Structures are given as C-alpha cells and as structure tokens.
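Going by our numbering, the sequence shown opens with residue 79, and the numbers climb by one from there.
Just so you know, even glycine gets a beta-carbon here, dropped at the ideal spot from N, CA and C.
Predicted model, so just to flag it, every value in this text is computed and none were measured.
Input: a single structure, listed below in structure tokens.
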Amino acid sequence: MDAVSGLLTTQVIPWGVAGVLTVVCIVLLVRSRKPSGAVDDAVLEAVYLMSKAPLELREGLDQAVADKVASRLLLLLKCIAVGITDGEGTLLSWDGEANDHYVDLVDTIGTAIRRHRREVVSHDKMPCNHRGTCRMRTAVIVPLIVEGKTDAVLIVVGRTRGKRIVQMADAVARFVGTQLEAARLEETKNQLHQAEIKALRAQISPHFVYNALNTISSLIRTDPEEARELLQDFADFTRYCFRTDGVFTTLSDELRNIDRYLTIESARYGGRLNVRLKIAPEVQSVVVPFLLIQPLVENAVKHGISRKPGGGTVTVTAQDYGTEAEISVEDDGVGMDPALLDGMRDSTSSAHIGLTGINRRMSQVFGNKYSLMVETAPGAGMKVTMRVPKFVRGVRPDMLKFATDVPEQPERRALAGPRSGLPTGAPNAS
79 MDAVSGLLTT QVIPWGVAGV LTVVCIVLLV RSRKPSGAVD DAVLEAVYLM SKAPLELREG
139 LDQAVADKVA SRLLLLLKCI AVGITDGEGT LLSWDGEAND HYVDLVDTIG TAIRRHRREV
199 VSHDKMPCNH RGTCRMRTAV IVPLIVEGKT DAVLIVVGRT RGKRIVQMAD AVARFVGTQL
259 EAARLEETKN QLHQAEIKAL RAQISPHFVY NALNTISSLI RTDPEEAREL LQDFADFTRY
319 CFRTDGVFTT LSDELRNIDR YLTIESARYG GRLNVRLKIA PEVQSVVVPF LLIQPLVENA
379 VKHGISRKPG GGTVTVTAQD YGTEAEISVE DDGVGMDPAL LDGMRDSTSS AHIGLTGINR
439 RMSQVFGNKY SLMVETAPGA GMKVTMRVPK FVRGVRPDML KFATDVPEQP ERRALAGPRS
499 GLPTGAPNAS
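Here it is in structure tokens:
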C-alpha cells in the first residue's frame, strides 16, 4: 500500500499541479486578450471617427461643420459634452449635457483666447442648480491657434477630475488645430490660383485685342457675314477669359476657347497661319486649370509663326494616355536656342508669357512630377507637352455653367481657308 500510494503521489500530484497551472494560464490568457481587444476596438473607433474630420474641416469652420465635429468628438472622448466656439468666443456648437454651464464658462473662454493657453475649470468653483445630479466635474478649454491667432476654442466637459481629461482634450485640440491649418492653407492656395488667373488675364495682349478688332472692321464691307462671325468669336473669347469665377474647367471648354483665338488669328494672318487640332473625344471631359493651355498657343503664334517669313502651322493635340491625358502645342516656326529656354521659363514680362507660371500651376494642382516638356531648336519650331491626370481629388470643373450661359447662335458656316474647327467626334481629326 505504501508503495502504491507513493506511486500515486509521485505521478498524480505533478499532473494535477500541471492541470491547475494550465487552467490558470488559460484564464490569464483570456483576461489578457480581452483588454487588448477592447483597446484595439477603441483605437479603431477613434481612427474611424477622426478620419471624417479632415473632410468636414476642409472648407473651414462654421456652425454646420462645428455640429458634425462636436458630435464626433463626443463619441470619441465619451465625455459629458463637447463645445466649439469661434475665434471671438461665440458658441457655434454644444453637444451633450450641462449646456447651461456654458454661460459660466464665458469669462474663462475669453481668458483662454487672450492668453493663448489652455484653461481648466472645476465644477466645484461654478454655480450649479443641480449640484447633486449634475455629472460635470471638469471643463477643459483649449484655444485652437492657427498662424498665431485663435481660430476657434474647444471645450471638453468631463465626468472626472485629473490629468487624463486634460491630456485627451489637448490631443484632440492638436488634431483639430492641424486640420484648421490645412483648411487655411487650402484657402490660401485657392486665393493664389485666383491671383494667377487674374495675372494671366492681364497678360492677354492688348495688341491682340487691337488687331482682332482691326481685322473685323476691315471685313465689314468686303465680307460682313465673316465679320459678324469673327465678332461673335471675339466676344465669346473675351467673355471666357475674363470670367470672375472658376479655377478649373474642362479640356473641351479650354480647347473651344483656343479654337476661337486661332480663328481670329487665322483671319488676321490669312494663309500664313495654318491650324491643326487633333482632339481625342475620350479626353475632352478631363479637368484642367483655367487658362492653362491658351498662353502656350499664344506663344506659338506670336513668337513662332509670326516671326517666320512664310508663316507656318500650329498643331494642338490632346490624346488619351492611360490614366492621363497628353496635351501638346507645337509650331514649326523660328524655334529658339535651348540654352535660352531657362530665360524664357522665368520671363514675367507682358512681351513674353513665361512658362514658370504654368509649371507652378501644374505642380500645385497635380504634384511635382507633372511639369512641362519643351523641345526646340533654332529653325525647328517648338513643341510643349504636358500630361494631366484624368482624376484628381478636389479638382472639379467649376466652370461648366459657362457653356449653358452662352446664348444660342444661328448655325455658322465653316470658315474658308486651311484651318479646321474643334473636332467633336473623330479621335484624330485635322
């Protein structure tokens, strides 16, 4: 019996201990995984909620945007309430409970704005008619500073005291402040686009206006029908170029206006200017910056063909290039020394429309990899090529209404001569 009991002791007890240890390990493993899963879920929820904020804040902060942001922050922070004011302290949105305490926080909000620093207010130091049932314990007031100025104020009302609610408010305020800075940069970029467009409008040669009107006036007696059509082209051209709104347009609208310009110039130069337009139908809906291509065409006419004794041909091509559209403006005029190209790129005078502005606009809108490619040599003409992505986030044709605004005109006859109108069907018309 002693031997048997000894045998059971030496074999059963270790296995029993091992079993107990296994159960303990499983319990510990389950317990350790559960909090981890909860943390992962919380992180995922936070990322999802905050991923929506940049889209909402892109256009700046107003009452509608503040309502959406406050609602998301309330879900994210799981606090009592979230409030957002403008830079002057005027309440834009309050989501959650304890909204009656906003009045008690007005002075502290003003202090945070003036001092450009976070303020923390304890519920114990505020008057409250519901002190027994009010769940508010702390209010953290954080000014959102953009470019040295308070752009908004974030108010986080917590149900606990301590550093945790302050740290959470600071972290969220930094995120929202960064998005407001991005919105401000977007606004500045749009203002820059508008300024560049105004500069391009100012660079439209007064000589072109004078010569166009002079050409039309010379045709009034000899060919009044053609004079009328050229006058309509001139009116539509100037109407398009001098619009006060719109940063982007479709390639078809841009090329249609270029066709008007070339129609007028062809009438002026007669047989010395030939025009070829090769436009693939599938790229006509591609969105491009307003007045991006017209300066290149004007350069080709003014500095390429007009200086060649026998004249020449300007060819505008737009073709499909996978996810991009490839656009080129080519002339067989006098050309230039490639060594002088850098000076041409930096030209800002009205006598020569430089390529720097076009390059800058391309990189601002589409990225640094999109720049002009120029091929030229003395006596060999010049070819300028650009590639434009077909789809870019935030780039949309905000000038489409121009086409609908133009009054209908009677059907026009084809202009006699070597040039051709803008193709509407064939991918390689010329």
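Environment of P373 [buried if 16+ CB atoms lie within 10 Å]: buried
With 16 other Cβ atoms within 10 Å as the buried cut-off, status of A429: Low local confidence applies: a pLDDT of 40 at A429 is under 50, so the model's placement there is unreliable, with the coordinate-based value given in what follows. Exposed is the call here.
Straight-line Cα distance separating V244 from G236: 9 Å
Coarse secondary structure for L263, derived from DSSP in three states: In this structure, L263 counts as helix in the three-state DSSP scheme.
Q362 versus A403 - alpha carbon distance: When rounded, the separation of the alpha-carbon atoms in Q362 and A403 is 9 Å.
Continuous alpha helix (DSSP H) assignments of at least 4 residues falling wholly in the region 142-229: 180-193
Endpoints, the beta strand (DSSP E) within which P467 is located: 460-467 is the extent of the beta strand (DSSP E) around P467.
Heavy atom of the ligand ATP within 7 Å of A417 beta-carbon: Among the components modelled here there is no ligand, and therefore nothing to report on the ligand ATP.
Any beta strand (DSSP E) of 3 or more consecutive residues that is wholly inside the region 360-444: 365-367, 390-399, 402-409
Best match in T256, T216, V198 for proximity to E225 [C-alpha to C-alpha]: T256
For A148 and C212, the rounded distance between their alpha carbons: Going by the C-alpha atoms only, they are around 20 Å apart.
Where T454 sits in the DSSP three-state scheme: strand
Buried or exposed by the 16-neighbour rule on C-beta atoms within 10 Å, applied to M214: By the 10 Å Cβ count, M214 comes out buried.
The beta strand (DSSP E) enclosing T327, as first and last residue numbers: Here the beta strand (DSSP E) through T327 covers 326-328.
Close Cβ partners of V184 (< 8 Å) along its chain, the five nearest in sequence each way excluded: G167
Cβ pair count under 8 Å reaching 3, the region 307-325 against the region 351-358: no
Closest Cα partner of T163 within the set T300, L152, L139, L151: Measuring C-alpha to C-alpha distances from T163 to each of T300, L152, L139, L151 identifies L139 as the nearest.
Of the residues A230, H208, I294, the one placed nearest G161, counting alpha carbons only: For G161, the closest alpha carbon among the candidates A230, H208, I294 is that of A230.
Closest by C-alpha distance to I336, when choosing among V394, F326, V366: V394
Residue burial classification, A190 (beta-carbon count within 10 angstroms, cutoff 16): buried
Sufficient close CB pairs (3 or more, under 8 Å) joining the region 381-399 to the region 407-416: yes
Paired residues, beta bridge with I243 - DSSP: Note: I243 sits in no beta bridge, so no partner.
Residue interval of the beta strand (DSSP E) (run including R354): R354 -> beta strand (DSSP E) spans 351-357.
L308 - containing alpha helix (DSSP H), residue span: Residues 302-319.
Presumed contact (8 Å Cβ cut-off) between Y448 and M440, rounded CB distance: 5 Å
Exposed unless 16 or more other CB atoms sit within 10 angstroms - verdict on S330: buried
Minimum Cβ-Cβ distance from V462 to chain C less than 8 Å: No chain C appears in this structure, which consists of one protein chain only.
Candidates A247, V234, L222: closest to A260 by CA position: L222
Close Cβ partners of A305 (< 6 Å) along its chain, the five nearest in sequence each way excluded: I294, L297, I298
Per-residue burial, Y288 [other beta carbons within 10 Å of its own, 16 or more giving buried]: exposed
E343, buried or exposed, once every other Cβ within 10 Å from all chains shown has been counted against 16: Classification for E343: buried.
Helix, strand or coil at G138 according to DSSP, with G and I counted as helix: DSSP places G138 in coil when its eight states are reduced to three.
CB contact flag (L419, V452, <8 Å): yes
Where A120 falls: helix, strand or coil (DSSP): Since pLDDT at A120 reaches only 44, below the 50 mark, its modelled position is unreliable, and the value read off the structure follows with that caveat. Note: A120 maps to helix in three-state DSSP.
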